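Visitor: Handing you this structure, nothing more for now.
There are 2 protein chains.
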Amino acid sequence: MVAAAAEIVPHLTTALSGPLNIIESTILERQARIESWFRAQWRKTPAPLYASVDLRNAGYKIAPVDTNLFPGGFNNLNPAFESLCIQAVQSALERLEQPVDRVLIIPENHTRNRHYLQNLALLQGIFVKAGFETRVGSLLPGLDRKMEINLDAGATICLEPLQREGANLVVPDFQPELLVLNNDLSSGVPALLEGLDQLIMPPLNLGWDQRLKSVHFGFYRDVAQEFARLLDIDPWLVEPLFRNCGEVDFMKRAGESCLSRNVESLLNAIRKKYDEYGINSDPFVMIKADSGTYGMGVMSVHSPEEVYDLNRKQRTKMATVKEGQKVTKAIIQEGIYTHETWDNPNTVAEPVVYLIDQNVVGGFYRVHPQRATNENLNSPGMYFERLAFEECCNSPDREQSPDAHLNRFYSYGVLARLATLAAAREMQNLG
Amino acid sequence: MVAAAAEIVPHLTTALSGPLNIIESTILERQARIESWFRAQWRKTPAPLYASVDLRNAGYKIAPVDTNLFPGGFNNLNPAFESLCIQAVQSALERLEQPVDRVLIIPENHTRNRHYLQNLALLQGIFVKAGFETRVGSLLPGLDRKMEINLDAGATICLEPLQREGANLVVPDFQPELLVLNNDLSSGVPALLEGLDQLIMPPLNLGWDQRLKSVHFGFYRDVAQEFARLLDIDPWLVEPLFRNCGEVDFMKRAGESCLSRNVESLLNAIRKKYDEYGINSDPFVMIKADSGTYGMGVMSVHSPEEVYDLNRKQRTKMATVKEGQKVTKAIIQEGIYTHETWDNPNTVAEPVVYLIDQNVVGGFYRVHPQRATNENLNSPGMYFERLAFEECCNSPDREQSPDAHLNRFYSYGVLARLATLAAAREMQNLG
Numbered sequence: 133m134v135a136a137a138a139e140i141v142p143h144l145t146t147a148l149s150g151p152l153n154i155i156e157s158t159i160l161e162r163q164a165r166i167e168s169w170f171r172a173q174w175r176k177t178p179a180p181l182y183a184s185v186d187l188r189n190a191g192y193k194i195a196p197v198d199t200n201l202f203p204g205g206f207n208n209l210n211p212a213f214e215s216l217c218i219q220a221v222q223s224a225l226e227r228l229e230q231p232v233d234r235v236l237i238i239p240e241n242h243t244r245n246r247h248y249l250q251n252l253a254l255l256q257g258i259f260v261k262a263g264f265e266t267r268v269g270s271l272l273p274g275l276d277r278k279m280e281i282n283l284d285a286g287a288t289i290c291l292e293p294l295q296r297e298g299a300n301l302v303v304p305d306f307q308p309e310l311l312v313l314n315n316d317l318s319s320g321v322p323a324l325l326e327g328l329d330q331l332i333m334p335p336l337n338l339g340w341d342q343r344l345k346s347v348h349f350g351f352y353r354d355v356a357q358e359f360a361r362l363l364d365i366d367p368w369l370v371e372p373l374f375r376n377c378g379e380v381d382f383m384k385r386a387g388e389s390c391l392s393r394n395v396e397s398l399l400n401a402i403r404k405k406y407d408e409y410g411i412n413s414d415p416f417v418m419i420k421a422d423s424g425t426y427g428m429g430v431m432s433v434h435s436p437e438e439v440y441d442l443n444r445k446q447r448t449k450m451a452t453v454k455e456g457q458k459v460t461k462a463i464i465q466e467g468i469y470t471h472e473t474w475d476n477p478n479t480v481a482e483p484v485v486y487l488i489d490q491n492v493v494g495g496f497y498r499v500h501p502q503r504a505t506n507e508n509l510n511s512p513g514m515y516f517e518r519l520a521f522e523e524c525c526n527s528p529d530r531e532q533s534p535d536a537h538l539n540r541f542y543s544y545g546v547l548a549r550l551a552t553l554a555a556a557r558e559m560q561n562l563g
Numbered sequence: 133m134v135a136a137a138a139e140i141v142p143h144l145t146t147a148l149s150g151p152l153n154i155i156e157s158t159i160l161e162r163q164a165r166i167e168s169w170f171r172a173q174w175r176k177t178p179a180p181l182y183a184s185v186d187l188r189n190a191g192y193k194i195a196p197v198d199t200n201l202f203p204g205g206f207n208n209l210n211p212a213f214e215s216l217c218i219q220a221v222q223s224a225l226e227r228l229e230q231p232v233d234r235v236l237i238i239p240e241n242h243t244r245n246r247h248y249l250q251n252l253a254l255l256q257g258i259f260v261k262a263g264f265e266t267r268v269g270s271l272l273p274g275l276d277r278k279m280e281i282n283l284d285a286g287a288t289i290c291l292e293p294l295q296r297e298g299a300n301l302v303v304p305d306f307q308p309e310l311l312v313l314n315n316d317l318s319s320g321v322p323a324l325l326e327g328l329d330q331l332i333m334p335p336l337n338l339g340w341d342q343r344l345k346s347v348h349f350g351f352y353r354d355v356a357q358e359f360a361r362l363l364d365i366d367p368w369l370v371e372p373l374f375r376n377c378g379e380v381d382f383m384k385r386a387g388e389s390c391l392s393r394n395v396e397s398l399l400n401a402i403r404k405k406y407d408e409y410g411i412n413s414d415p416f417v418m419i420k421a422d423s424g425t426y427g428m429g430v431m432s433v434h435s436p437e438e439v440y441d442l443n444r445k446q447r448t449k450m451a452t453v454k455e456g457q458k459v460t461k462a463i464i465q466e467g468i469y470t471h472e473t474w475d476n477p478n479t480v481a482e483p484v485v486y487l488i489d490q491n492v493v494g495g496f497y498r499v500h501p502q503r504a505t506n507e508n509l510n511s512p513g514m515y516f517e518r519l520a521f522e523e524c525c526n527s528p529d530r531e532q533s534p535d536a537h538l539n540r541f542y543s544y545g546v547l548a549r550l551a552t553l554a555a556a557r558e559m560q561n562l563g
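If you want it as structure tokens, here you go:
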């Protein structure tokens, strides 16, 4: 469902106490300083190829809650953003030491998910229009020849079988210099992708088989502290607090006491902050599978006791994530109320910001009419509302108020870039 | 005058004989090869900071006829292109070896030209939104303090007096690391700008006091030949033929015989090409001041005799250009019919394409209701029609026909980049 976004824009509930808008107005005032700082950061740690960042805006704080390095929603961006995506891809690939002319995209194996295939077609189109010969090579087991899939509006996507030629991955009659991963490797790195000479972006070790949310948010904590020092603000205003547990097993009830203890400690820490800022809401936390994605393995918790009281259905839901991977680690993350709604006061929304390289290239709202302000919106029943072009993302205007849409989306772009910077450090750290 | 460009689009007269659309369809088919070639070229010779390129599309040929390295029409771009401009400025400045945080724009001295001041405000806005502290330092004689000028819609532009501090150019309380020239230096390099340690973009030696159109089109000839070899087409399809004369003096009638001889030789060369392609039009040439700008010092000529028959008014018009500079050199350039019209069949139009770095960031049509298809449209009475965003400039779509607007503007972007590449070589050659 795509609304005429120029008319319908998200509404931020402003009836809250607390330092409403302090982040947005500070970000706007210090724009030149922030951009200078970002430039210095990207010189030290270049950004990953692309990312999508889920944000939550509670009014008194705005923070990223999930950073996806294999974004799958390019089809949800406003088509008017396409030129920006094309230019960003060109600039990212022109910076590489070795010239690249041929690109092979390696997607997820979702052959029946129309939305994902639309995303894939869009992504391939961006690389093609950026001037790269671009094919899609599929990891689908048993695929032994081209598979053409018809999409809406007469478009098709063509999946080709991947083959090894020594240390190179190819598809028939096509030798790519660059492999673009759009597969988050939840089930591990396939043998086909191991020991390749070709450049792979993002690198294999950023897959969800190796990446941990708790590591990402550890780097994010450093980034948020540096950023907060730069602006002389409390880092809490841009950061979700978190704890993590070692091994957990939701089915076997192993690690429950660690979870419960950390939920309690985190709830106390949030309550302290709420008191400090006079925020009159119930603290809550999100327990998330530490390598989970697709909104799976996520639940809201309001008290330490809830961890012990999970029923069988809840345990099952938390125990496995994408592709049946077993959850063995969990992160306990501060829950951030979203005080944005779309169209009517009961339809809760959260922004998702897309980046290519260090550039914000668009975004959309994830909207869920059946969820509350303290729940995970990445769940069945959600839909996406595009941002209108004038509202994208890199053109702050100090002549307008901090909560003008242009400026709100600029702030969102800053927060999303902070999360991307944390991912850049994660990437550098993995080597 | 800005029309609802999404509805009104230029109309290309298709009643011509000749290989109509051959360039556009070839460019579209070989897009990946062209982009790969451009990438290799920009690695060898980086593009100048910005440029605007005037094109003429006769159907059977499309070519640049003027390349401006100090573009003054950012206000004529569709505001929807602004994000593209911002991203392109960020990427150009991030590539510099020395980090830049503060930018000083040095504009033309046109304090009464509202259009130019709007351009200046737009340009400053792009740098500010790209995250650079940006001021405007004016060369206006006698300016000894800030001058605020009110523009439309409550906007203002602030001109500040330039000062030397040793080998640095500053304005009060502001030490820029980068000087952005938006002044074409028609009257020569002012002493204030000489011997500076700061980075200046574009470099001083690209000013019109030193640059010659004939040198630019000499480089363009090489570029066009390489490009034509790449696509296996006749370079004439993308190149205006030209000749040039040494010293001329229109008032003293010096150099007339050289002009006349070259007009004749060029008309013959064009006629030969018209015969080869079965084009049933009268050849014509443009005589242009070799360092002229602003559409000044330009005339259409259809026979060698016309050079001898100029009346006093015509001679005066050709003898001096911007800021009263005397014309001492001329280029005789193949005249290219424009077969594009806007809105009605008698309103002639030509595209102007804007680049920042090597990126096409927008464009507009220069439209002139009182001019013919074989005349200079850059003259009083012209106006500008914006391109709609969907039609910009870097997103070719092979699913659509070569003359779909998206694809036409992609072709225009390719031609404009060829001219920019010639300017890049000019710049490298000047050292």
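Protein sequence lines, in the order shown, are assigned to chains A and B.
Quick note: to get our numbering, add 132 to the position in the first sequence (first position is 1).
Quick note: to get our numbering, add 132 to the position in the second sequence (first position is 1).
C-beta: ideal position from N, C-alpha, C; glycine also.
Note that the coordinates shown come from a computational prediction; the quantities given were computed from them, not determined experimentally.
1) On the three-state DSSP scale, how would you describe L553 of chain A?
2) Drop a sphere of 10 angstroms on the beta-carbon of V134 of chain A, count the other beta-carbons inside from all chains shown, and report buried for 16 or more, exposed for fewer.
3) Report back the beta-carbon spacing between R447 of chain B and F382 of chain B to the nearest angstrom; my notes put them in contact at under 8 Å.
4) Between L301 of chain B and P308 of chain B, what straight-line distance do the alpha-carbon atoms span, to the nearest angstrom?
5) So, is E507 of chain B buried or exposed, given that buried needs 16 or more other C-beta atoms within 10 angstroms?
6) Between the alpha carbons of L336 of chain B and D329 of chain B, how many angstroms are there, rounded?
7) Could you give the distance in angstroms between the alpha-carbon of N189 of chain B and the alpha-carbon of E265 of chain B?
8) In chain order, which continuous runs of the alpha helix (DSSP H) of length 4 or greater are located wholly inside the region 169 to 197 of chain B?
9) Kindly say whether Q560 of chain B, judged by its beta-carbon, lies nearer than 7 Å to any beta-carbon of chain A.
10) Checking 7 Å against the spacing of the C-beta atoms, do Q230 of chain A and P528 of chain A come in under that value?
11) Who are the near neighbours of R557 of chain B in its chain, counting only those whose CB is closer than 6 Å to its CB and skipping five residues on each side?
12) For chain B, is any of its Cβ atoms less than 7 Å away from the one on K261 of chain A?
13) What in chain B is Cβ-close to R171 of chain A, meaning under 9 Å?
14) Do we get a CB-CB distance below 7 Å when we pair S527 of chain B with the residues of chain A?
15) Determine the DSSP secondary structure at A504 of chain A, reduced to helix, strand or coil.
16) Since L283 of chain A contacts L249 of chain A with CB under 8 Å, what's their CB separation in whole angstroms?
17) Apart from the five residues on each side of it in sequence, which residues of its chain come closer than 6 Å, Cβ to Cβ, to A220 of chain B?
18) Quick check on R267 of chain B: does DSSP put it in helix, strand or coil?
19) Using a beta-carbon distance below 7 Å, is N207 of chain B in contact with chain A?
20) Taking I218 of chain A as the reference, give the member of B:Y542, B:P534, B:G563 and B:L553 with the closest Cα.
21) Going by DSSP, name the residue or residues bridged to E297 of chain B.
22) Just the chain B side, please: which residues come within less than 9 Å of Q163 of chain A by C-beta, in chain order?
23) Is R444 of chain B near the ligand NAD - that is, is its Cβ less than 6 Å away from at least one heavy atom of it?
24) What does DSSP give as the partner residue(s) for F306 of chain B in the beta ladder?
25) Run down chain B in chain order and give the residues with a C-beta less than 8 Å from the C-beta of E297 of chain A.
26) Using a Cβ-Cβ cutoff of less than 7 Å, which residues in the same chain neighbour Q357 of chain B once the five nearest sequence positions on both sides are dropped?
27) Within its chain, find whatever has a CB closer than 7 Å to the CB of R296 of chain B; leave out the 5 residues flanking it on each side and keep chain order.
28) Is the shortest distance between the beta-carbon of N210 of chain B and the beta-carbons of chain A less than 7 Å?
29) From the DSSP secondary-structure annotation, give me the bridge partner or partners of R375 of chain B.
30) Does S319 of chain A have its Cβ less than 7 Å from a Cβ in chain B?
31) Can you have a look at P404 of chain B and say buried or exposed, based on whether 16 or more other CB atoms are within 10 angstroms of its CB?
32) Look at the Cβ atom of A462 of chain B, then the Cβ atom of I419 of chain B, and state whether they are nearer than 7 Å.
33) DSSP beta-bridge partners for E292 of chain B?
34) Determine whether the Cβ of Q219 of chain B lies closer than 7 Å to any Cβ atom of chain A.
35) Quick check on M450 of chain B: does DSSP put it in helix, strand or coil?
36) Residues of the region 478 to 499 of chain B with a CB closer than 8 Å to any CB of chain A: list them in chain order, please.
Guide: On the basis of the supplied data:
1) What you label residue 553 of chain A is simply residue 421 of the first sequence in a count that begins at 1. Three-state DSSP puts L553 of chain A in a helix.
2) Indexing the first sequence from 1 puts residue 134 of chain A at position 2. Note that V134 of chain A has pLDDT 32, beneath the 50 cutoff, so the model's placement of it is unreliable and no number is given.
3) Position 315 of the second sequence, counted from the first residue, corresponds to residue 447 of chain B. Position 250 of the second sequence, counted from the first residue, corresponds to residue 382 of chain B. About 5 Å separates the two Cβ atoms, so the contact holds.
4) Sequence index remark: in the second sequence, residue 301 of chain B carries index 169 (1-based). Sequence index remark: in the second sequence, residue 308 of chain B carries index 176 (1-based). The alpha-carbon atoms of L301 of chain B and P308 of chain B are separated by roughly 8 Å.
5) Taking the second sequence and counting its residues from 1, the one referred to as residue 507 of chain B is at position 375. Classification for E507 of chain B: buried.
6) By 1-based counting over the second sequence, the position of residue 336 of chain B is 204. By 1-based counting over the second sequence, the position of residue 329 of chain B is 197. Straight-line Cα distance between these residues: approximately 13 Å.
7) Position 57 of the second sequence, counting from 1, holds the residue named residue 189 of chain B. Position 133 of the second sequence, counting from 1, holds the residue named residue 265 of chain B. About 40 Å.
8) none
9) Taking the second sequence and counting its residues from 1, the one referred to as residue 560 of chain B is at position 428. So no, Q560 of chain B is outside the interface.
10) To locate residue 230 of chain A, count along the first sequence from 1; it is residue 98. To locate residue 528 of chain A, count along the first sequence from 1; it is residue 396. No, Cβ-Cβ distance for Q230 of chain A and P528 of chain A is not below 7 Å.
11) As a first step, residue 557 of chain B is located in the second sequence; it is residue number 425 there, counting from the start. Once the five neighbours on either side are set aside, the close Cβ partners of R557 of chain B are T177 and F351.
12) Walking along the first sequence from the start, residue 261 of chain A turns up at place 129. True, the Cβ-Cβ gap to chain B drops below 7 Å.
13) Counting from 1 along the first sequence, the entry for residue 171 of chain A is found at position 39. Within 9 Å Cβ-Cβ: Q222, L225, E226, P231, V232, D233 and G263.
14) Residue 527 of chain B sits at position 395 when you count from the first residue of the second sequence. It does: the Cβ of S527 of chain B has a partner Cβ on chain A nearer than 7 Å.
15) Residue 504 of chain A sits at position 372 when you count from the first residue of the first sequence. Coil at A504 of chain A, not helix or strand.
16) Taking the first sequence and counting its residues from 1, the one referred to as residue 283 of chain A is at position 151. Taking the first sequence and counting its residues from 1, the one referred to as residue 249 of chain A is at position 117. That belief holds up - the Cβ atoms of L283 of chain A and L249 of chain A are roughly 6 Å apart, short of 8 Å.
17) In the second sequence, the residue the question calls residue 220 of chain B occupies position 88. Around A220 of chain B: I488, D489, N491 and V493.
18) Taking the first residue of the second sequence as position 1, residue 267 of chain B is located at position 135. Of the three classes helix, strand and coil, the one that applies to R267 of chain B here is strand, per DSSP.
19) Taking the first residue of the second sequence as 1, we reach residue 207 of chain B at position 75. No, N207 of chain B lies away from the interface with chain A (no Cβ there is under 7 Å from its Cβ).
20) As a working note, residue 218 of chain A is residue 86 in the first sequence. Comparing Cα-Cα distances from I218 of chain A to each of B:Y542, B:P534, B:G563 and B:L553, the minimum goes to B:Y542.
21) In the second sequence, counting from the first residue as 1, residue 297 of chain B sits at position 165. Looking at the DSSP assignment, E297 of chain B forms a beta bridge with B:N300.
22) As a first step, residue 163 of chain A is located in the first sequence; it is residue number 31 there, counting from the start. Simply V260, K261 and G263.
23) Among the components of this structure there are no ligands whatsoever, and the ligand NAD is therefore not found.
24) In the second sequence, counting from the first residue as 1, residue 306 of chain B sits at position 174. According to DSSP, F306 of chain B bridges with B:V303.
25) Within the first sequence, residue 297 of chain A is the residue found at index 165, counting from 1. By Cβ distance, chain B contributes nothing, its closest Cβ being about 22 Å from E297 of chain A, past 8 Å.
26) Mapped onto the second sequence, residue 357 of chain B falls at position 225. Only P367 meet the Cβ criterion.
27) Against the second sequence, residue 296 of chain B aligns to sequence position 164. Taken in chain order, the residues that qualify are L324.
28) If you number the second sequence from 1, residue 210 of chain B lands on position 78. By this cut-off, N210 of chain B is not an interface position.
29) By one-based count along the second sequence, residue 375 of chain B stands at place 243. Looking at the DSSP assignment, R375 of chain B forms a beta bridge with B:I464.
30) Residue numbering aside, residue 319 of chain A sits at position 187 when the first sequence is read from its first letter. No - not a single Cβ of chain B is within 7 Å of the one on S319 of chain A.
31) Here residue 404 of chain B refers to the residue found at position 272 of the second sequence. A small fix is needed here, since residue 404 of chain B is Lys in this sequence, not Pro. So K404 of chain B counts as exposed.
32) By one-based count along the second sequence, residue 462 of chain B stands at place 330. By one-based count along the second sequence, residue 419 of chain B stands at place 287. Yes.
33) On the second sequence, position 160 is the one that residue 292 of chain B refers to. Partner(s): B:G269.
34) Your numbering for residue 219 of chain B matches position 87 in the second sequence. Judged by the 7 Å Cβ criterion, Q219 of chain B is in contact with chain A.
35) Within the second sequence, the letter at position 318 stands for residue 450 of chain B. Of the three classes helix, strand and coil, the one that applies to M450 of chain B here is helix, per DSSP.
36) N491
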